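Following: one structure in structure tokens, then a few remarks.
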Amino acid sequence: MPNVTLTIDGKQVTVPAGTNVLEAARSAGIFIPTLCHDPAIPGFGACRLCVVEIPGMRNLPASCVTTVAEGMVVYTASEAVIEARRTIIDLLLANHPQDCLTCEKNGDCRLQDYAFMYGVRQTSFHGERKNYPLDDSNPYIIRDQNKCILCGKCVRTCQAVPGRSVIDFGYRGFNTRVVTAMDVPLGESECVYCARCVAVCPVGALTYKPMAGKGRTWEIEKKTVTCTFCENGCTFDLNIKNGKVIGITAKEPGPGRPLCLKGRLGLELLYVDEPLTPMLKKDGQFVPVSWAEALGLEGVLSRIKELEGKKQA
Amino acid sequence: MKSLMDKCCEKCFHSPSSPCQDYIKCRQQGPLCHDDENCRARFKEFLENIHLPADSFRRQVLICAGTGCTSSGSRKLVDALREELARHGLQDKVTVKITGCHGFCEQGPLMIVEPQKVFYTRVQLEDIPEIVASHLVGGQVVERLLYVDPATGEKSLTYETVPFYAKQKRLVLANCGHINPEEIADYVANDGYLALTRALFEMTPEQVIEEVKTSGLRGRGGAGFPTGMKWSFVRAAEGDKKYVVCNADEGDPGAFMDRSVLEGDPHAVLEGMLICGYAVGADEGYIYVRAEYPLAIHRLKIAIAQAEECGLLGDNILNSGFNFRIKIKAGAGAFVCGEETALLTSIEGNRGMPRPRPPFPAQKGLWGKPTNINNVETFANVPLIIRNGGAWYAAMGTEKSKGTKIFALTGKVNNTGLVEVPMGITMREIIFGVGGGIRDGKKFKAVQIGGPSGGCLPEEQLDLPIDYESLTSAGAIMGSGGLVVMDETTCMVDVARFFLNFTQAESCGKCTPCREGTKRMLEILTRICEGQGKEEDIETLERLARVVKNTALCGLGQTCPNPILSTLRYFRHEYEAHIKDKRCPAHVCQALLVYTINPEKCTGCGACARACPAGAISGEKKQPHVIDASRCIKCGNCMQKCKFGAVEKA
Amino acid sequence: MSCQCGCGQDDAAKKEALEKVFEQYRGTKGALIPLLQEAQEIYGYLPGEVMQRIATELKVPFSKVFGVATFYAQFHLKPRGRNIVRICQGTACHVRGAARVFQSVSEKLGVGKNETTADLRYTLETVACLGACGLAPVMMVNDDTHGRLTPERAAEVLEQYK
Ligand SMILES: Cc1cc2nc3c(=O)[nH]c(=O)nc-3n(C[C@H](O)[C@H](O)[C@H](O)COP(=O)(O)O)c2cc1C
Ligand code: SF4
Ligand code: SF4
Ligand code: SF4
Ligand code: SF4
Ligand code: SF4
Ligand code: SF4
Ligand code: FES
Ligand code: FES
Ligand code: FES
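Protein chains in written order, with the UniProt record's numbering: chain A, 1 to 313; chain B, 1 to 650; chain C, 1 to 162.
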């Protein structure tokens, strides 16, 4: 592909044609904040935090969905851009619980980072806020829709695996929220708890239940491991606190890496010092099951036992 | 010959399966393929049945059956008139015909008696016997049903002399109200499908596009994009399959020109789409009609069926080798689906959430294929342009805005309705000329143009020549052409709140600035109207408006601050009065009103005290009463009840 | 079980009608919204099982069907009245007193916006412009448009809808 040269904040940048402005800026080490952009599933352009100023273009275009052009001039931190970003953060905070102190995501939250970065201490609007009940209906994922900023990454990543599409956007306008079919809690839905969604959520709307209360993000050290339970080879993080592995979390899903509950549980068993009790849904209820059942190894295990019994005899 | 499919004799071979290229011209001037006196007579009679010659002894009564007149009872008139005519043995001499909307619904049900074009307004069931006996039998016009100009008190005998119509230039609307929209023959008798014939047989697709470019036609759906240019993009786009889509989602509250065209002249839209399909290389079209327009959908279905029956839609149209089909999609109630990317995704069966552009629909539209999307009125202009030439069209209007535009004039003016005028006319000419001035002798205050994405223009801007650019620079937009006239009793802060209320409810919720920003702007405006406004609110509003306008994903968010920005620009003092003095200068915002009783006028009848739900009024019998302001809940009951006009609000 | 809407049709007849609609739309692109419209025409609203059935028929995720149904104002997930009263709150109607018309109807029916009377006779809704602005203020009852309303006349008009 031919290359295109443009100027970003006075810096000449050359990138392949077809690149978006966001990537071009990042490749030149210029920071642009994003909330909804997912390089694996691009083109959504909803949060508008990544806006930049490009003379000659109407309004402030979102850099994640604007393609570079030869000779383009981009300002990523002009006065209008800063005002816009600040106001958007301000608007997000106006409809968000002031809950950082007790939030599991504290310290690893994009909204918090950007509020800090742009100096938005608190919102300047006082009006209606969303108020949905906490979804704590399953053993694996806690969903707090009040913290959801509707970036849609979870929806898109769940839909990327054929046959899942457990969640989608529901309702409209200010009432928009991410829903399951018939808006039931995650525990009653078709969700398979693969946690793809948790892995991409930029804020504390989706968090791991087994990790709840076990540590603050800055106390935790991460080490990447690859799952070997099937040939997809998904990657996960060991979460290590004080030298102990306290939990397994999914890394961002890559192409052909579906992530699944079984894999995560398997790694939990292998690595975590005090592994959780695996739970599976039976007749609509979550019940504790043996590790063998959770990992689908019952048949294999009994066969192994059988064979080894024979050998000994 | 009654219907368009009827043949003059066995020599005519036209049918959808063996199409004749001269079919349309033949029906207008025929017969063409053979000469036969009898056949010529048959064609003549066929046309005269539709257009009574001016000297005819026969009469034709046109009754408006648009949405407006239907709801005022016009359907019953049709049956009653037919019965009454039969009673007088006139059923063969007088034909009764339904038409679509004349755009003057307020005066409906409307009736026109042809060929003289006598124009009756507000016709009721009881009037039918008199109309028949006096006019249709006796030749005496029923004077009391004629239109009276509220400004001068003068009566108008014929349709053409009604000032409301006399000052317009009806081209797109020419057929509306004058032909039977459920009868394709009526359309063809008025030069219908002639433009299609010309395009198919005398022009290449490129020439069609060139002609549209020459005309200077710009999209009537809001943004005013040059239509010919859009068509050339779609033609140039790579794709094995292309679509033509007609945007009939008309969601701007207060605008109904698209509805009128669809109900009154549906074939004009079909013909426009056909010509577009030929020009851009598409073979399939969709019309996306909003669900609230059942009659328009009904008429379109009839029109499509008749066009198919005559071989004007389908395969090998008129033996040209061009194939085209049209399908209707009914909207499901979402204003944002008027936005083109939302509309397309809605046709595909998704939530109507817009997506970023580019790619534009011309590159990647319906089901990923190049798609040409235009508005109803845009398409309805096309047959005119192809028939009369682009240069003819370009002779009307201003340098950058050509042709005519239909406006929906509503609000506090004397004549409300659809107004088609040449571009470049001033707002004053529309409101005070065509519209006949402000109602009840009140003073003009502002005109809101362009619907919820438009702006409010004050008296100073009345002489602005209307075109796309001048409106935008004045802080409004052409939009779909809604014109809401407001008088001195309108509060501009309340107006801004009203529009924000609409856009906030219609935001799709996808992008942050619009989803969250409209909510906060609405909350601030509501607070101001309720007397809780704070000094810094104006500044906050301005910042929010600026950011939402600059950063929202689609046109809805990008334009929704316009009503706020334009009222702040021209009527800032009203905001300040609400915030600083806790006063609503137009006496509209309830919370800011103060009710008092004028002791000079009060007779002490006590009606107000009995009506007051708060027990705020006291006074001795036959003595002036007083209102206790601290108890008054400002419901206005007392004012309504007082027969002496003694209760006043300030 | 017989239905709640009082139309007298039983569930089996409705199911059959739904299957017919499915047949009619089989192979049509973008059939989801028309199917939801037809289903609502049959059932009066969109019961969960029906949406599930549509999802299976079209092979689209149930979550998507639900997302679409909750996006558009036309779709209703709860039973509604036999007569749908929609009072225009558009610009032209607003400046000519639509608010008072709404208030009067609301008082008469004893329900608020988007509510249904206990006897399932009326559902009260608002709409942003019916395209009959020349007759403002306007309301639509089922498919009939009524214009030039006054608060009193609006309440009267409703009587004819049983
Ligand atoms: C929120 C919104 C609503 C719109 N509604 C309509 C509409 O009801 N009818 C219409 O023709 N265009 C509407 N448009 C404009 C369309 O996006 C598009 O520009 C138009 O259909 C193109 O046709 P034209 O070039 O013939 O105007 C709307 C745009 C926005 C942003
Ligand atoms: S999600 Fe982020 S911003 Fe919100 S409470 Fe948690 S840490 Fe704070
Ligand atoms: S856990 Fe997996 S299946 Fe469940 S909602 Fe998230 S992404 Fe979808
Ligand atoms: S839950 Fe998280 S990922 Fe999903 S939309 Fe909300 S913020 Fe985005
Ligand atoms: S501007 Fe409003 S309507 Fe448009 S995409 Fe954003 S939220 Fe949706
Ligand atoms: S109704 Fe009017 S006249 Fe009668 S007591 Fe009240 S203010 Fe006075
Ligand atoms: S406005 Fe209402 S509350 Fe106030 S005095 Fe009049 S009747 Fe009583
Ligand atoms: S990151 Fe670009 S719009 Fe969200
Ligand atoms: S419906 Fe008759 S004039 Fe509009
Ligand atoms: S505003 Fe009520 S019908 Fe248009």
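Ideal placement from N, C-alpha and C gives every residue a C-beta, glycine not left out. Here the structure is a predicted model, which is why all the values come from computation and not from measurement.
Check: Count the C-beta pairs between the region 277 to 285 of chain B and the region 243 to 262 of chain B that are closer than 8 Å, then say yes if the count reaches three, no if not.; Outcome: yes
Check: Could you pull the start and end residues of the alpha helix (DSSP H) that Gln-103 (chain C) belongs to?; Outcome: 98 to 109
Check: Would Gln-24 (chain C) count as contacting chain B if we go by Cβ distances under 8 Å?; Outcome: no
Check: Given Tyr-75 (chain A), which residues of its chain have a CB within under 7 Å of its CB, disregarding the five upstream and five downstream residues?; Outcome: Asp-9, Val-52, Glu-53 and Val-81
Check: Using beta carbons (cut-off 8 Å, strictly below), is Pro-16 (chain A) in contact with chain B?; Outcome: no
Check: Does DSSP classify Cys-456 (chain B) as helix, strand or coil?; Outcome: strand
Check: Does the Cβ of Asp-135 (chain A) have 16 or more other Cβ atoms within 10 Å, making it buried, or fewer, making it exposed?; Outcome: buried
Check: Taking only beta-carbon atoms, is Cys-337 (chain B) less than 8 Å away from chain A?; Outcome: no
Check: What first and last residue would you give for the beta strand (DSSP E) that runs through Ala-408 (chain B)?; Outcome: 404 to 411
Check: Tell me the rounded alpha-carbon separation between Asn-190 (chain B) and Asn-180 (chain B).; Outcome: 11 Å
Check: Is the beta carbon of Val-413 (chain B) sitting closer than 8 Å to the one on Ile-438 (chain B)?; Outcome: yes
Check: Could you check what DSSP says for Gln-12 (chain A) in three-state terms: helix, strand or coil?; Outcome: strand
Check: What are the start and end residues of the alpha helix (DSSP H) that includes Leu-238 (chain A)?; Outcome: No alpha helix (DSSP H) contains Leu-238 (chain A), which is instead part of the beta strand (DSSP E) from 235 to 241.
Check: How is the beta strand (DSSP E) around residue 163 (chain C) delimited, first residue to last?; Outcome: Past the boundaries of the shown model lies residue 163 (chain C); chain C is included only from 1 to 162, so the question cannot be answered.
Check: Just the residues with CB closer than 7 Å to a heavy atom of ligand 3, in chain order, which are they?; Outcome: A:Ile-141, A:Cys-154, A:Thr-157, A:Cys-158, A:Arg-164, A:Val-166, A:Ile-167, A:Leu-186, A:Cys-191, A:Val-192, A:Tyr-193, A:Cys-194, A:Ala-195, A:Arg-196, A:Cys-197 and A:Val-198
Check: For Asn-381 (chain B), does the count of other Cβ atoms within 10 angstroms reach 16, so buried, or fall short, so exposed?; Outcome: buried
Check: What is the rounded straight-line gap between the Cα of Val-626 (chain B) and the Cα of Leu-593 (chain B)?; Outcome: 16 Å
Check: Just to confirm the assignment, what range does the alpha helix (DSSP H) spanning Tyr-114 (chain A) have?; Outcome: 110 to 117
Check: Quick one: which chain C residues come within Cβ less than 9 Å of Arg-172 (chain A)?; Outcome: Thr-70, Phe-71, Tyr-72 and Ala-73
Check: Could you confirm whether any beta carbon from chain A is found closer than 8 Å to the beta carbon of Gly-67 (chain C)?; Outcome: yes
Check: For a cutoff of 8 Å on Cβ pairs, would you count Gly-264 (chain B) as touching chain A?; Outcome: no
Check: What is the DSSP secondary structure of Pro-563 (chain B), reduced to helix, strand or coil?; Outcome: helix
Check: Could you pull the start and end residues of the alpha helix (DSSP H) that Tyr-23 (chain B) belongs to?; Outcome: 23 to 29
Check: Per DSSP, which residues does His-135 (chain B) bridge with? Please list them.; Outcome: BP columns for His-135 (chain B) are empty, so no partner.
Check: The UniProt domain "4Fe-4S His(Cys)3-ligated-type" (80 to 119) of chain A: which residues have C-beta closer than 8 Å to a C-beta of chain B, in chain order?; Outcome: Ala-80, Glu-83, Ala-84, Thr-87, Ile-88, Leu-91, Leu-92, Ala-94 and Asn-95
Check: Strictly by DSSP, which residues pair up with Thr-512 (chain B)?; Outcome: The partner list for Thr-512 (chain B) (beta bridge, DSSP) is empty, contrary to what the question assumes.
Check: Cβ of Ser-215 (chain B) within 8 Å of Cβ of Lys-402 (chain B)?; Outcome: yes
Check: Taking just the CA atoms, how far does Leu-62 (chain B) sit from Leu-85 (chain B)?; Outcome: 14 Å
Check: Leaving out the 5 sequence neighbours to the left and right, which residues in its chain are closer than 7 Å to Gly-192 (chain B) when beta-carbon positions are compared?; Outcome: His-267 and Glu-271
Check: In three-state DSSP terms, what is Phe-379 (chain B)?; Outcome: helix
Check: When you compare only the Cα positions, how much space is there between Leu-92 (chain A) and Thr-567 (chain B)?; Outcome: 27 Å
Check: Starting from Val-179 (chain A), find everything on chain C with Cβ-Cβ shorter than 8 Å and list it in chain order.; Outcome: Ser-63, Phe-66, Gly-67 and Thr-70
Check: By the three-class DSSP mapping on this structure, what secondary structure does His-146 (chain C) have?; Outcome: strand
Check: Please classify Met-1 (chain C) as buried or exposed, where buried requires at least 16 other C-beta atoms within 10 Å of its C-beta.; Outcome: Model confidence at Met-1 (chain C) stands at a pLDDT of 40, short of 50, so the residue's coordinates are unreliable; what they give is reported in the following sentence. Met-1 (chain C) comes out exposed.
Check: Which chain A residues sit within Cβ distance under 7 Å of Lys-510 (chain B)?; Outcome: Ala-46
Check: Under 7 Å from any heavy atom of ligand 8, does the C-beta of Arg-546 (chain B) make it?; Outcome: no
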